[in-house]
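*Asks:* One structure, as structure tokens, below. Some questions next.
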Amino acid sequence: MQNNLPFLKKSLLVALVLTGSFSAFSQEKCGTMQNHKRKLATDKKYAQEVVEYDLMINKWLENQSTQKNQQALPIVIPVVFHVVYKTAGQNISNAQVLSQLTVLNEDYGRTNADTSNTPAAFKPVAANTGIQFCIAQQDENGNPTTGIERRLTTVTSWTTDDAVKFYAQGGLDAWDPTKYLNIWVCNLGSGLLGYGEFPTGTVSNTYGLVIGYFCCGNTGAVSPPYNLGRTSTHEIGHCFNLGHIWGDDGGSCSGSDGVADTPNSASEHYGCPNYPLLDACQTANPGIMFMNYMDYTDDNCMNMFTTGQANRMLAVVNNPPYNALQTSIACVPIILQADDAGLPGITSPTGTFCTGTITPVVVLKNWGTNTLTSATINYKVDNGAVQTFSYIGTLASLDTVSVTLPAITASNGAHTFTSYPTFPNTVNDMNTVNDTMVSNFTVAGGGGQLLPYQEGFETTPFPQNGITLNNPDNATTWARTTVAAKTGAASAFMDDFNYNASGEVDEMILPALDLTSVSNPQLRFQVAYQMYTNPTSNPSYSDTLAVLISTDCGQSWIQLYKKFSTTLTTTTPTFSTNSFDPNSNQWRLEAINLTSYAAVNNAIIKFKHTTDYENQMYIDDINIDTATIFIGVETIDFSNQVIIYPNPANDQVVIRFGEEISASATTISITDQLGREVVAKMNFPSQYTVNISTAALASGTYFIRINAKGKMAYKKLVVQH
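Note that the sequence shown covers residues 1308 to 2028 in the numbering used here.
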């Protein structure tokens, strides 16, 4: 329609939430706006993300040299169909599913047989979108696939609540939406034909479209007048950021679909009106474009997208995150070799063990076309000698089996375990790309790592130094960032701002530690966190941070610390709708007394994060030591009254005090990273400046401890010779 504003303006979004100003749902054959309204009400970030994404798309379009469709080569999008059925009639044939793919390619390429029905006045803007679709040839695990998966369910009919997109709710889970366009085929209730999901800057695990089994494709169980496959054509338009051509404005002529060459109209149209058709929004010829795929007319009445719509869809598939669909290899057929064994996983060893004697378990897969009857499984710990195990069995093509290997031994500390198969069926492996797997594990038998323990996340890769991650959903998890840090250049963080999930747990697990190696052990760390939601108006949302300890090598856990909402935030105000990147003053030092576990020589501590749609969370300067030594912490009481220079130092360092400290008798000592005192305590009368020789200290990092009448200050010192 003749309006270049984004079709989902922020003001419109707010109005949708507050007034529900859609056409009556009983009149809709497309449930996209129903689904959209539900997401607005249940996902507080969704409204902002849709607006921001739509603004980005419009800016991209404005920056193009022309609004004409100039896609040189078609963009090909891999498609997977998830057929969820309760009755035999709903379990549509492969032929019906594949006929839908043919329809999509014809409609999006404007090779459909009914292009002649496009009125002459609209033919100049009728467009080949430059987008095509292919059926997936390989699944997420690299196995050959037909691109069609099926499930018999107990659910009678489905709604727009996305339940069909989850196996746990009787449906089927999406395949990676950055590699596949997911299409669910099921029995939709309430007279709906289908619904799509608008794109945002974050690809969700519900992204894709849902269509009724009776309107999928143009053969088989299809039912007139929705028997030509145009429901999917319409719903994919929504997935690629197209709105309904009447703007969903309830007949006011004030809405917009964000496309300039689709004439405005008062409302949707059904059946197949006679051309030309006029209304209050279009009072003169050529009138309303009711034959556009984004209207509600019958399948045999639809026949066109416009150039503006094509450009809008191309903006989606040419920009992050959906441009990843272009580079997906999901439509590349898998060519299986005759004899090919692979190792897709290691079950054990992973995590922490209380004993150094461990029984490895690996997953062996037959990638070959021949039945796998034998293979040699090679394995080693760290860079040690390679050991071998002979597998004998009967493993069909593409099947897997867990193989238990002879026990290995490993010393205390962090290790890697590497395994790979060779000689499948006594011949050379014809494909070695899928062979090798590596896991990380820690042995804490007889005692863990001696204290002090310090982690500031300054070096790569992450994780290292015995840290492991638990990421059950294989989605966003703890990562290293240089965007913010309390000290140094890096910290660990959870990207909750872009993590559209609730209740997902991600854990950062420290190596086993010997708490008996110091007196009065204490855990200290820096945290920075800001909420996304105003806790006053909506107190039910908050990410959570917990710290837990295990004294039995991870078999059970005891909670030491748990904070959420305003007790966890470190800013004023406590919330912001912008991504949180803390400055140096937006951190808080946390201290946890570990003296109850001072007799434990193999304690494991983990930071447990639970997401709830909120904002970024950061951790830095993890220190575990005696309660009187705070390695790496610089903001204790009087630290802001202490200046040390030069830093790095060579032969000497100068310590300058503020008035409060200089007026007191002062004790100074210097410790190394292991907590050992390398410069004995020195007592000074009241004075402003102290010079200390560092000539005898080896190059490295040290910590200056200052005690002024019981008031403590700590400073980090680097010595470089």
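Quick reminder that beta carbons are idealized off the backbone N, C-alpha and C, glycines included.
1) Note down, one range per segment and in chain order, each alpha helix (DSSP H) of at least 4 residues found wholly within the region 1885-1934.
2) What alpha helix (DSSP H) runs, 4 residues minimum, are completely inside the region 1571-1659?
3) Going by DSSP, what residue range makes up the beta strand (DSSP E) through Met1815?
4) Check whether the region 1858-1870 and the region 1771-1791 touch, using three or more Cβ-Cβ pairs below 8 Å as the test.
5) Which whole-angstrom value describes the C-beta separation of Phe1724 and Phe1696, a residue pair presumed to lie in contact below a C-beta threshold of 8 Å?
6) For His1389, which residues of its own chain have a beta-carbon under 6 Å away from its beta-carbon, when the five flanking residues on both sides are left out?
7) If Val1688 and His1722 are in contact, beta carbons under 8 Å, what's the gap, nearest whole angstrom?
8) Three-state secondary structure (DSSP) at Thr1695?
9) Mapping the DSSP letters down to three states, classify Ser1824 as helix, strand or coil.
10) Please classify Pro1313: does DSSP put it in a helix, a strand, or coil?
11) Can you give me the start and stop residues for the alpha helix (DSSP H) that Lys1344 sits inside?
12) Taking C-alpha atoms, which residue in Gly1554, Val1745 and Lys1672 lies nearest to Asp1647?
13) Is the separation between the beta-carbon of Ser1718 and that of Ile1684 shorter than 8 Å?
14) Classify Thr1590 as buried or exposed, calling it buried when 16 or more other Cβ atoms lie within 10 Å of its own Cβ.
15) Report back the beta-carbon spacing between Trp1674 and Asn1741 to the nearest angstrom; my notes put them in contact at under 8 Å.
16) Under 8 Å, do Lys1336 and Tyr1603 count as touching if we go by C-beta distance?
17) Using alpha carbons as the reference points, say which of Ser1847, Phe1832 and Phe1887 lies closest to Ile1926.
18) Could you compute how far the alpha carbon of Thr1858 sits from the alpha carbon of Val1907?
19) For Thr1466 versus Gly1496, is the C-beta spacing smaller than 8 Å?
20) Do Val1410 and Thr1540 have their CB atoms nearer than 8 Å?
21) Round the Cβ separation of Leu1757 and Lys1913 to the nearest angstrom and send it over; I've been treating them as touching at under 8 Å.
22) May I ask you to list the residues that DSSP assigns as paired with Ile2011?
23) So, at 6 Å on beta carbons, what are the nonlocal neighbours of Lys1793 in its own chain, with the 5 sequence-adjacent residues on each side left out?
24) Roughly how many angstroms lie between the CA atoms of Ser1826 and Ser1976, to the nearest whole one?
25) In the structure shown, what three-state DSSP assignment does Ile1938 receive?
26) When DSSP labels each residue in this structure, what does Pro1506 get in the three-state scheme?
27) Work out the CA separation of Glu1811 and Gly1508 for me, nearest whole Å.
28) Around the Cβ of His1576, are there at least 16 other Cβ atoms within 10 angstroms (buried) or fewer (exposed)?
29) Tell me where the beta strand (DSSP E) around Ser1857 begins and ends.
30) If Gly1536 sits next to Ser1681, beta carbons under 8 Å apart, how far is it from one beta carbon to the other, in whole angstroms?
31) Considering only their Cβ atoms, is the gap separating Tyr2009 from Glu1921 smaller than 8 Å?
32) Name, in chain order, the residues that DSSP records as bridge partners for Trp1785.
33) Since Tyr1727 is in the beta strand (DSSP E), which residue starts that stretch and which ends it?
34) Starting from His1541, trace the alpha helix (DSSP H) both ways and give me its first and last residue.
35) How far does the alpha helix (DSSP H) with Gly1416 in it reach, from first residue to last?
36) What are the boundary residues of the beta strand (DSSP E) that Asn1750 is part of?
*Replies:* In this structure, then:
1) none
2) 1614-1624
3) Position 508 of the sequence shown, counted from the start, is the residue given in the question as residue 1815. First-last of the beta strand (DSSP E) with Met1815: Ser1809 to Ile1816.
4) no
5) As a working note, residue 1724 is residue 417 in the sequence shown. As a working note, residue 1696 is residue 389 in the sequence shown. Not quite, the Cβ-Cβ distance comes to about 13 Å (not below 8 Å), so this is no contact.
6) Taking the sequence shown and counting its residues from 1, one reaches residue 1389 at position 82. Counting only Cβ-Cβ distances below 6 Å, and skipping sequence neighbours, we find Glu1456, Leu1479 and Trp1491.
7) Against the sequence shown, residue 1688 aligns to sequence position 381. Against the sequence shown, residue 1722 aligns to sequence position 415. Confirmed, about 6 Å.
8) As a working note, residue 1695 is residue 388 in the sequence shown. DSSP places Thr1695 in strand when its eight states are reduced to three.
9) As a working mapping, residue 1824 is identified with position 517 in the sequence shown. DSSP places Ser1824 in helix when its eight states are reduced to three.
10) Taking the first residue of the sequence shown as 1, we reach residue 1313 at position 6. A caution first: Pro1313 carries a pLDDT of 38, below 50, which makes its placement in the model unreliable, though a value can still be read off. In the structure shown, Pro1313 sits in coil (DSSP, three-state: anything other than H, G, I, E or B).
11) Counting from 1 along the sequence shown, the entry for residue 1344 is found at position 37. Unbroken alpha helix (DSSP H) run through Lys1344: Thr1339 to Thr1349.
12) By one-based count along the sequence shown, residue 1647 stands at place 340. When only C-alpha atoms are compared, the closest one is Lys1672.
13) As a first step, residue 1718 must be located in the sequence shown, where it is residue number 411. As a first step, residue 1684 must be located in the sequence shown, where it is residue number 377. Not in contact: Ser1718 and Ile1684 (Cβ atoms no closer than 8 Å).
14) Numbered from 1 along the sequence shown, position 283 holds the residue referred to as residue 1590. Looking at its Cβ environment, which holds fewer than 16 other Cβ atoms inside 10 Å, Thr1590 is exposed.
15) Reading the sequence shown from its first residue, position 367 is the one you call residue 1674. Reading the sequence shown from its first residue, position 434 is the one you call residue 1741. Between Asn1741 and Trp1674 the Cβ distance is about 6 Å, and since that is below 8 Å, they are a contact.
16) Along the sequence shown, one-based indexing puts residue 1336 at 29. Along the sequence shown, one-based indexing puts residue 1603 at 296. Yes, they are a contact pair.
17) Along the sequence shown, one-based indexing puts residue 1926 at 619. When each option's Cα is compared against that of Ile1926, the closest is Phe1832.
18) As a position in the sequence shown, residue 1858 is number 551, starting the count at 1. As a position in the sequence shown, residue 1907 is number 600, starting the count at 1. Taking the straight line from one Cα to the other gives about 7 Å.
19) To locate residue 1466, count along the sequence shown from 1; it is residue 159. To locate residue 1496, count along the sequence shown from 1; it is residue 189. In this structure, Gly1496 lies closer than 8 Å to Thr1466 by Cβ.
20) Reading the sequence shown from its first residue, position 103 is the one you call residue 1410. Reading the sequence shown from its first residue, position 233 is the one you call residue 1540. The answer is yes: Cβ separation under 8 Å.
21) Along the sequence shown, read from residue 1 onward, the residue named residue 1757 stands at position 450. Along the sequence shown, read from residue 1 onward, the residue named residue 1913 stands at position 606. Going by Cβ atoms, the distance from Leu1757 to Lys1913 rounds to 19 Å, so no, they are not a contact pair.
22) Within the sequence shown, numbered from 1, the residue matching residue 2011 stands at position 704. BP columns for Ile2011 point to Ile1977 and Lys2022.
23) Residue mapping note: residue 1793 aligns to position 486 of the sequence shown, counting from 1. So the list reads Gln1833, Trp1894, Asp1927 and Asp1928, once near-sequence residues are dropped.
24) Residue mapping note: residue 1826 aligns to position 519 of the sequence shown, counting from 1. Residue mapping note: residue 1976 aligns to position 669 of the sequence shown, counting from 1. About 19 Å.
25) On the sequence shown, residue 1938 is found 631 positions in, with the first residue counted as 1. Note that Ile1938 scores 43 on pLDDT, short of 50, meaning its location in the model is unreliable and no value can be drawn from it.
26) Counted from its first residue, the sequence shown places residue 1506 at position 199. Here Pro1506 sits in coil by DSSP.
27) The residue given as residue 1508 occupies position 201 in the sequence shown. The residue given as residue 1811 occupies position 504 in the sequence shown. Taking the straight line from one Cα to the other gives about 20 Å.
28) On the sequence shown, residue 1576 is found 269 positions in, with the first residue counted as 1. Buried: at least 16 other Cβ atoms inside 10 Å.
29) Residue 1857 sits at position 550 when you count from the first residue of the sequence shown. Note, Ser1857: beta strand (DSSP E), Thr1851 to Ser1857.
30) In the sequence shown, residue 1536 corresponds to position 229, counting from 1. In the sequence shown, residue 1681 corresponds to position 374, counting from 1. About 49 Å; that fails the 8 Å criterion.
31) Your numbering for residue 1921 matches position 614 in the sequence shown. Your numbering for residue 2009 matches position 702 in the sequence shown. In this structure, Tyr2009 does not lie closer than 8 Å to Glu1921 by Cβ.
32) Position 478 of the sequence shown, counted from the first residue, corresponds to residue 1785. The partner list for Trp1785 (beta bridge, DSSP) is empty, contrary to what the question assumes.
33) The residue labelled residue 1727 in the question sits at position 420 within the sequence shown. Taken as a continuous stretch (DSSP letters only), the beta strand (DSSP E) holding Tyr1727 covers Gly1720 to Thr1729.
34) Locating residue 1541 in the sequence shown gives position 234, counting from the first residue. Taken as a continuous stretch (DSSP letters only), the alpha helix (DSSP H) holding His1541 covers Arg1537 to Cys1546.
35) For the purposes of this step, residue 1416 is identified with residue 109 of the sequence shown, where counting begins at 1. Looking at the DSSP string, the run of the alpha helix (DSSP H) that includes Gly1416 is Asn1401 to Gly1416.
36) Position 443 of the sequence shown, counted from the first residue, corresponds to residue 1750. This sequence places Val at residue 1750; Asn is not what is there. Here the beta strand (DSSP E) through Val1750 covers Met1744 to Val1750.
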